[in-house]
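Below you'll find the structure, written out as structure tokens, and then a few comments.
Numbering (this note's numbering), first residue to last: 683 to 751.
Dropping the structure here:
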């Protein structure tokens, strides 16, 4: 499973907040620059004043289903 992790950093306290979005679109590598622009343009204005977009990365993890439904 590939997960897109977006990190926001609080400029005042130095603490960060990470959002994980599972299964991003296949072309996410091609959209990294556009993603950065969109984070700053659309998401940053609604965050508390000291929170700023810090990073975006793809994390590839294997998962094991523990319980079958």
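A virtual CB, placed ideally from N, CA and C, is assigned to each residue, including glycine.
| query | result |
| --- | --- |
| Go through its chain and collect everything with a Cβ distance to residue 739's Cβ below 7 Å, but skip five positions before and after it. | 687 |
| Kindly give me the distance between the Cβ atoms of residue 698 and residue 691, rounded to whole angstroms, as I take these residues to be in contact under 8 Å. | 5 Å |
| Using the C-alpha atoms, what's the distance from residue 718 back to residue 696? | 20 Å |
| Tell me the rounded alpha-carbon separation between residue 743 and residue 736. | 22 Å |
| Can you tell me which of the three DSSP states residue 694 falls into? | coil |
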